[in-house]
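**Q** One structure, pasted below without further comment.
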Amino acid sequence: MAIHEAMDWDPTLEPELFAEDQDSEEVDDQEYTYDGSSIEVMQAPRSRRLLTREEEIELAKRIERGDNQARQVLIDANHRLVFSVVNKYRYSGVPLEDLIQEGFMGLIQAADKFDYRRNCRFSTVATIWIRAHVLQAIQNLRPLVHVPQRVANAAKRLWRANEELTHELHRRPTPDELAQKLNVNSERVDELTRLTQDWLSLDEPIGEEGDTVMLEMIADQETVSPSGEALLSCLRDQLERAMERLSDRERMVLRLRFGLDDGQERTLDEIGKYFDLTRQRIKEIETAALTKLRNGGPARHRVESSWAVA
């Protein structure tokens with residue numbers, strides 16, 4: 000049955016639209032519940048498969064025409080995203096039921112703002128809006144937590160090690176690489192990561208200069224909006240797909256040249272030293288790579304069309 004035919008039915012009862020498949024999550028057929036102790040007790044209404052890209056587009060078109068049932072289908076099919084995001088903030092000090100409620104508000108807002116023309120999956124947009132609402136709730140509802148000095152010091156060491164290795168490796172380090180850098184075992188890195196996630200207060204200074212706090216980053220009106228963040232995320236995904244046609248060396252040259260991994264742009268001379276090649280040779284590789292991207296056909300069109308509607 001086509002998805003437009005499903006619009007004539009109660010979305011929670013539509014057997015084909017929400018039939019189980021290999022991507023489904025096995026959950027009990029019951030309402031969402033919470034007993035105040037663990038996120039694992041929360042269950043989805045029923046097992047539902049993920050919507051395809053084509054189904055999302057058709058639903059979005061119907062939503063634009065004012066079809067509230069299509070809007071409900073899109074929301075109901077993505078309930079799992081709320082719990083996925085909330086689970087990461089379960090130790091924030093804010094009751095889970097409050098975070099879940101805010102998460103669903105974000106999901107609803109994502110459904111209202113979703114623009115299928117940007118070639119972006121709904122899950123990408125929804126996750127960003129859900130996280131924005133959850134973080135705002137943490138900012139407003141979480142009591143200030145004292146950070147033990149040893150945890151604060153350990154967090155700073157972990158942060159510095161992560162930044163140094165990212166600069167050296169041109170990518171984010173693995174837990175094992177962090178452990179070697181800090182001269183501890185990987186279990187200690189995992190524990191330290193969990194501790195800093197659980198206990199680091201929103202008013203704890205962060206950053207190399209220590210002059211910014213996490214709460215300010217959340218509340219800063221100059222930071223990228225959820226809509227902007229969603230667009231940037233889509234563009235990054237499209238760029239990654241476009242770069243698949245490049246050789247490994249061409250991809251690395253572009254990543255270093257434009258700071259795609261860490262935001263730090265390198266000069267031709269710096270990249271030449273990295274590859275043990277001349278400045279001119281690096282320029283030739285860069286030019287060839289950019290030419291491939293420009294002449295890439297569909298991938299290029301996808302990226303440009305996304306920018307066109309921004």
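In numbering that gives the first Met the number 0, the protein residues as written are 0 to 309.
Backbone N, C-alpha and C define an ideal beta-carbon position, used for all residues, glycine too.
When the Cα atoms are used, what is the spatial distance from residue 174 to residue 168?
**A** About 14 Å.
**Q** The alpha helix (DSSP H) that contains residue 132, what's its start and end?
**A** Taken as a continuous stretch (DSSP letters only), the alpha helix (DSSP H) holding residue 132 covers 121-140.
**Q** Please name the residue, chosen from 161, 73 and 154, that lies closest to residue 191 on a Cα-to-Cα basis.
**A** Among 161, 73 and 154, the Cα nearest to that of residue 191 is on 154.
**Q** Nearest to residue 328 by CA position, among 69, 269 and 64, is which residue?
**A** No statement about residue 328 is possible, as the shown extent of the chain runs from 0 to 309 and does not include it.
**Q** How is residue 160 classed by DSSP in three states: helix, strand or coil?
**A** The answer is helix: DSSP assigns residue 160 an H, G or I state.
**Q** Take every Cβ of the region 157-168, pair it with every Cβ of the region 266-282, and state whether three or more of those distances are shorter than 8 Å.
**A** With a cut-off of 8 Å, the region 266-282 and the region 157-168 do not count as touching, because too few Cβ pairs lie within range.
**Q** Please classify residue 165: does DSSP put it in a helix, a strand, or coil?
**A** It is helical.
**Q** DSSP three-state call for residue 89: helix, strand or coil?
**A** DSSP places residue 89 in coil when its eight states are reduced to three.
**Q** Below 8 Å between beta carbons: does that hold for residue 136 and residue 81?
**A** Contact: no.
**Q** Near residue 178, which residues of its chain fall below 8 Å by C-beta distance, leaving aside the five closest residues on each side in sequence?
**A** The residues are 184, 185, 187 and 188.
**Q** Could you name the residues of the same chain whose beta carbon sits closer than 7 Å to that of residue 270, not counting the 5 residues immediately before and after it, in chain order?
**A** Closer than 7 Å at Cβ, skipping near neighbours: 252, 255, 256 and 281.
**Q** Checking 8 Å against the spacing of the C-beta atoms, do residue 284 and residue 249 come in under that value?
**A** In contact: residue 284 and residue 249 (Cβ atoms closer than 8 Å).
**Q** Residue 247: which of 99, 278 and 288 sits nearest, CA to CA?
**A** For the residues 99, 278 and 288, the minimum Cα distance to residue 247 belongs to 288.
**Q** Taking the alpha carbon of residue 71 as the reference point, which residue from 292, 149, 107 and 134 has its own alpha carbon closest?
**A** Among 292, 149, 107 and 134, the Cα nearest to that of residue 71 belongs to 107.
**Q** If you reduce the DSSP assignment to three classes, tell me which class residue 76 lands in.
**A** Three-state result, residue 76: coil.
**Q** Between the Cα of residue 261 and those of 161, 88, 127 and 291, spot the shortest distance and give me the residue it belongs to.
**A** Checked all of 161, 88, 127 and 291; the closest Cα to residue 261 is 161.
**Q** Within 10 angstroms of the Cβ of residue 101, are there 16 or more other Cβ atoms? Answer buried if so, exposed if not.
**A** Residue 101 comes out buried.
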